[in-house]
Each structure stands twice: as structure tokens, then as C-alpha cells.
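A short worksheet on the structure shown next.
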Amino acid sequence: MQRTKNKRIVCPICKKTPKPQMNLLVTHWYCDRCSLGWIKKIPRSIYKEEYYSSGSSVLAKIFIPLELFFYKIRESYIGLQMKIFYIDIGAGDGNFLDHVNAKKKIGVEISASGRKKMENIGLQTLSPKEFLKSKHKNADYISFWHVLEHVDNPINYIKAAKENISTNGKIIIAVPNVNSFEFKLFRQYWFHLTPQYHIWFFSPQSIQKLLKLVDMQIDRIDYFSVEHHFAGILQSVINASAHTDNALHKLIKRRQDLSSVSFSTILWIIFWCTLGLPFVILFWLFASLSKKSGAIVIIASKV
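This note's numbering applies: residue 873 is where the sequence shown begins, and numbers increase by one.
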């Protein structure tokens, strides 16, 4: 959504001229009618081979049981019974999709290395272009686990998802919430800002309007989101304290070596994971109960 010569920047949902800043960040546009934000300079995101590396970070290995717990939470949104057909958009290396209880599974992934890893464990894959052209696959569920904020045109992905779910099928959309207490407080230190990869910044209102454009509706919204809301607060307080960029996330998920992090940052990580943890828990509960959480999970269906 960069400005081009003689072309006015407008909100892609309501066509209103957006504000030139998002929570005082002049690097982003914000439509106050739709509660939708987006970055002015679109990042050229490249998912290199090492992005889905299975490195030997000690913290990454410690995190494995917690990651499996998060996968169970994701599955709770769809129920634990056997599914006939499940499609995961932005499936990465397929670790979550491999755990889904379904007879047929497809992982849609932009990264060739991610698709290769999925195929190596027996999963069927599609590139985004192949998925966007597909129709009538009749999936029980199609999920976007923190993916919609990365793609160039979210509307096209929602349209394609609608075309490929069954009559009673559901779409799961997990995204950061731009109208959260977390973003208002931490601003440039907000974990989910991630300007290297995140293009769009949704809210319950903007997702509802986006779904309405393709004749879909919200069934329910989860504001607690243990996996992304709670973890997001933890990383945001570390960012603000250490003035770093998602160091804990990089150690665990991107499997960076501990030596790549400064000693002071390590101390802040230890503090917020121990003595400071009660504050994180209270903040998570307060924001969730107030429906102002930093991340939300939306279940949607056809009208």
C-alpha cells in the first residue's frame, strides 16, 4: 500500500483516507473507521532455508514440550475428533499440521524450504499461488495461525478460504490486535509489530468488515490466546526493558545461539520469566477480560 504518483492512499476495506500514523508511529497508516493499520513501506520478506532450521539452541529444546501444549490449544478450536480434511495456511515446516487429527491435510507455505520439510514428513503442500487459484476442496477447517498479517492481499486469501471450505466448514484466523492495551503501552516495542514481516494490523472490527466483504461472519472471538497473547506480553516487556528486538522469540523459535544475545538482555529475560512473571500474568488476564488483548483468535463461517 505504498503511495504511487497521482494515486491516493485509501483503506482497502472502506476506501477512506487513513491517518498518516498508527499509535504515533509514522511508519504506518491507520484507518480509524475500520480499525485497520498497515505499514507504509512494504517489507520484502525472504524466508531463507535457515528460517525453519532445526538448530540445537538449548532454549529451543526446552521449549518443545510447551510448543506441543500450544498445538493442543490450537486443536481445541477445532475439536479433538477426527477431521476429514484440514488446510493450514502458512504452515511453515508442518510441525503443527503434522499433529492435526485429520485424514487429509494440506500445508500452504510460501517458503520452498518449508514445503520441502513438510513433504519429507509425508504432508501434501501447495504454494500460495496454487491455493489462491483452487476451488471446491471442501475442507472442514482452514486455518491462518498468525499468517494474515504477512500476506500482500488478505482479502484474496479469505475469498480463497471461503471457496475451499465445505458448507458447514470453518475458518480460523489468529492475528495480532492493533486495538490492544499491549500495543498502546509498548508501541515500537510491541512484540507483534515486527516490521520486517508484518504488513497488516487487524482488530476485531476490521476482521469483521473483511469477512463481511466475502459474505462470511464471526462465530466467536477468543481474547485469551495463551500461545500468542501471553507470550506476546512477555516478549514486549523484555523488548521495552532491554531495548532489543524480540530476543527471546529468536532464541526459542528461530533457534539463535545464546551467545548472540547480550548479557544485560539475558538478565532481563531471566527477570521477566521469574520475578516479573506475576505482572505478565495479571496484564494478560486484565487485557483478555477487557477484550483488549494483544492477539485474538476468530472462528468464522459462511453466512
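For every residue, glycine included, the Cβ atom is placed at its ideal position computed from N, Cα and C. None of these values were measured; they are calculated from a predicted model.
Reference I1168, options K1034, P915, L1020, A1119, closest by Cα: L1020
Contiguous beta strand (DSSP E) assignments of at least 3 residues, all confined to the segment 885–911: 900–903, 908–911
Chain-order list of residues whose beta-carbon lies under 8 Å from that of D1087 (same chain, five-residue window excluded): K1034, K1174, V1175
7 Å Cβ cutoff, T1116 in contact with chain C: Absence of chain C from the displayed structure is noted, only one protein chain being present.
Proximity to D1091 [Cα-Cα], best of I1171, E1002, N967: If we check each option's Cα against that of D1091, I1171 comes out closest.
Identity of the residues DSSP links to Q996 by a beta bridge: I978
Beta-carbon spacing of K975, I950 below 7 Å: no
C-alpha gap between I1093 and G1041, whole angstroms: 17 Å
Buried or exposed (CB count within 10 angstroms, at least 16 for buried), L1161: exposed
The segment 1127–1134 / the segment 1102–1109 touching (three or more Cβ pairs under 8 Å): no
Inter-residue Cα distance where the pair is W1156 and S1165: Distance from the CA of W1156 to the CA of S1165, rounded to the nearest whole angstrom, comes to 7 Å.
DSSP three-state assignment for V972, whether helix, strand or coil: DSSP, reduced to helix, strand and coil, places V972 outside both helices and strands of the structure shown, so it counts as coil.
The segment 1010–1018 touching the segment 992–1001, judged by at least three CB pairs closer than 8 Å: Taking 8 Å as the limit for Cβ pairs, the verdict is that the segment 992–1001 does not touch the segment 1010–1018.
Residues of its chain near W910, where Cβ-Cβ distance is below 7 Å and the 5 sequence neighbours each way are ignored: Within the same chain, W910 has close Cβ partners M873, H900, W901, I1071, W1072, F1073.
Inter-residue Cα distance where the pair is P937 and P892: Rounded to the nearest whole angstrom, the C-alpha separation of P937 and P892 is 43 Å.
Close beta carbons around S926, own chain, < 6 Å, minus the five adjacent residues each side: Note that S926 has pLDDT 48, beneath the 50 cutoff, so the model's placement of it is unreliable and the number below is only indicative. Counting only Cβ-Cβ distances below 6 Å, and skipping sequence neighbours, we find nothing.
Whole-Å CB distance - P1026 paired with L1082, under 8 Å assumed: Taking the Cβ atoms as the reference, P1026 lies roughly 7 Å from L1082, within the contact range of under 8 Å.
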